[in-house]
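A short worksheet on the structure shown next.
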Amino acid sequence: MGTSDDTASPGAATVGADSVDAVHTDTITHRTADAERLRNALVDQLCATGHARTSAVEAALRTVPRHVFVPGASLEDAYANAPVHIKYDTDGTSLSCASQPSVVALMLDQLDVRPGERVLEVGAGTGYNAGLLAHLVGESGHVTTLDVDDDLVEGARAHLAAAGITNVEAVTRDGALGHAEGAPYDRIVATVGAHGVPHAWLRQLAPGGWLLVPQRLKGTVSRSIAYERRDGRWVSLGSEMNTFMPLRRGIADDERRVIPLSADGTVRLQAPAGQCLDADALAGVLDRPRTEVWTGMTVRAMESPEWMELFLTCSLPSGLIRLLFPQSAKGTLLTEDPYPSSTAAVDKGAVTYLARRESEARTPEGGKLWEFGVIGHGPGSDELAARVADTIRTWDRAYRGREATFEIRPLDAPAIAERPGLFVLDTPLNRIVVDWQQHPTDGRRRPSCRT
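Going by my numbering, 182 is the number at position 177 of the sequence shown; the sequence numbering is gapless.
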């Protein structure tokens with residue numbers, strides 16, 4: 006009849022191959038369409054929430070395929086507004102990830118990259134951010150991206166090639182050293198956290214260039230700060246609340262350590278490794294009696310307390326330190342409603358953290374207000390909680406509604422005259438000056454949302 010059971014005719018073989026090719030092509034077409042749909046939905050969401058504020062950043066986010074840079078993730082995960090972790094330490098700590106898209110968009114907005122510019126990125130990760138930068142600088146511009154790990158650099162190169170992006174060079178290098186071979190740069194951006202600002206970054210900027218760095222200022226409070234050189238001084242152009250994984254395996258390492266606060270070890274501080282904290286004195290501190298101080302200072306439901314937290318971290322000896330805890334700790338080891346940003350202050354064997362409760366007061370529109378409180382445990386926690394609460398009230402009275410400015414100075418720079426609202430924070434590499442101006446007249450103002 007034409008063929009045996011184990012031999013296909015040429016015609017049958019050809020039809021089978023065509024069918025397989027058709028199915029494969031159809032699958033690719035559908036996946037591409039799904040990726041584009043999900044990508045545009047994500048960007049629509051980012052634009053609606055105030056990110057991707059320029060048409061250039063929006064176009065880059067709509068064009069560069071994030072799923073190509075995280076091939077191990079599903080399309081749904083690749084286009085969710087969430088980080089995608091790609092590398093872990095032996096203890097399960099994440100070492101590298103594709104950053105949350107809203108954070109990526111925020112930093113691209115801050116960086117204000119223009120066509121034709123040369124950009125240095127510290128922290129290659131998946132290569133996705135470098136791909137976005139490459140789109141922004143265009144064919145006449147160039148991006149160099151650095152990472153300390155060979156495997157991440159190789160992965161970034163492969164992802165960039167798969168996305169068809171050719172104006173990016175990925176280099177294995179301690180990011181704190183920068184890349185003098187390609188200097189000067191119009192923009193330098195760190196996508197890793199830094200405490201001090203490496204001198205190489207400042208040296209490698211072109212005249213008029215900008216540096217954008219997620220900078221840990223004190224404790225674990227960080228902000229993404231854009232700097233430019235003006236009249237011989239490195240001063241801030243603006244800042245946003247932001248936190249990144251720290252630099253590691255190099256000259257500007259900023260490692261962390263974990264300190265248990267509960268007997269079962271589930272509630273912990275994640276503190277800078279170099280910060281002097283007595284772990285033994287803090288062990289089991291949450292099992293000690295609780296003290297509470299409520300401040301009378303309120304916020305609207307969606308109002309960010311980021312400037313209050315910065316003022317607290319600058320004012321308190323320990324700064325504010327990140328508090329890690331499971332949901333099961335609420336109402337047991339911790340109060341029922343610890344503030345979601347989860348930061349703590351420490352003094353010897355005492356610890357305090359921020360909490361909130363619904364206020365009886367309402368906004369002028371009748372909406373809810375939330376009052377801040379301070380919860381303390383351990384010897385001396387009464388005094389520490391009172392100090393934190395007083396600092397919150399000072400911020401509310403004199404500085405609320407005002408942003409701070411930042412300046413990088415050498416460690417051997419002349420001393421600065423002290424005054425309220427000005428803080429000098431020394432890092433291993435430089436001195437950071439944080440400056441608030443008080444409200445005019447007597448430092449008091451009419452608060453809009455207080456009980």
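The beta-carbon is built from N, C-alpha and C at its ideal position, and this holds for glycine as well.
Values in this document were obtained by computation on a predicted structure and should not be read as measured data.
Here residue 80 has 39, 40, 43 and 72 as same chain residues with Cβ atoms under 6 Å from its own Cβ, once five neighbours each way along the sequence are excluded. Three or more pairs of CB atoms, one per stretch, sit closer than 8 Å, so the stretch 313-331 contacts the stretch 345-354. If one requires a minimum length of 4 residues, the alpha helix (DSSP H) runs lying completely within the stretch 48-77 are 60-68 and 71-74, in chain order. Unbroken beta strand (DSSP E) stretches of 3 residues or longer found wholly inside the stretch 309-390: 326-329, 348-352, 355-367 and 373-382, given in chain order. Cβ contact annotation for residue 70 (same chain, cutoff 8 Å, sequence separation greater than five): 40, 44 and 168, in chain order. With respect to the C-alpha of residue 239, the residue from 204, 246 and 228 having the closest C-alpha is 204. With fewer than 16 other Cβ atoms from the protein chains shown falling within 10 Å of its own Cβ, residue 336 counts as exposed.
DSSP places residue 307 in the coil class of the three-state scheme, outside both helix and strand. Residue 303 is a Cβ neighbour of residue 375, given a cutoff of 8 Å. Around the C-beta of residue 122, 16 or more other C-beta atoms lie within 10 Å, and the residue is accordingly described as buried. By the criterion of a C-beta distance shorter than 6 Å, residue 139 is surrounded in its chain by 148, 170, 172 and 173, once the five residues flanking it on both sides are discounted. Residue environment: residue 364 is assigned as buried (16 or more neighbouring CB atoms within 10 Å of its CB, all protein chains considered). If you look at residue 190, you'll find it in the beta strand (DSSP E) that goes 190-195. Annotated three-state conformation of residue 124 is strand, per DSSP.
In terms of Cα proximity to residue 234, the closest of 383, 217 and 367 is 217.
Between residue 355 and residue 385 the beta-carbon gap is near 4 Å, inside 8 Å, which marks them as a contact.
In this model, residue 189 and residue 210 are separated by some 5 Å (Cα to Cα). Residue 227 is classed as buried because its beta carbon has at least 16 other beta carbons within 10 Å across all chains shown. Apart from sequence neighbours up to five positions away, the residues of its chain that approach residue 323 with a beta-carbon distance below 7 Å are 224, 350, 351 and 352, ordered along the chain. Counting C-beta pairs closer than 8 Å gives three or more between the stretch 429-445 and the stretch 405-413, which meets the contact rule. Here residue 285 is not bridged, per DSSP, to any residue. Annotated three-state conformation of residue 420 is coil, per DSSP. About 7 Å separates the Cβ atoms of residue 187 and residue 125, confirming a contact at the 8 Å cut-off.
In this chain, the beta strand (DSSP E) harbouring residue 211 covers 210-223. Straight-line spacing of the CA atoms in residue 176 and residue 213 works out to 25 Å. A Cβ-Cβ distance of about 20 Å is found for the pair residue 142 and residue 158, leaving them out of contact under the 8 Å criterion.
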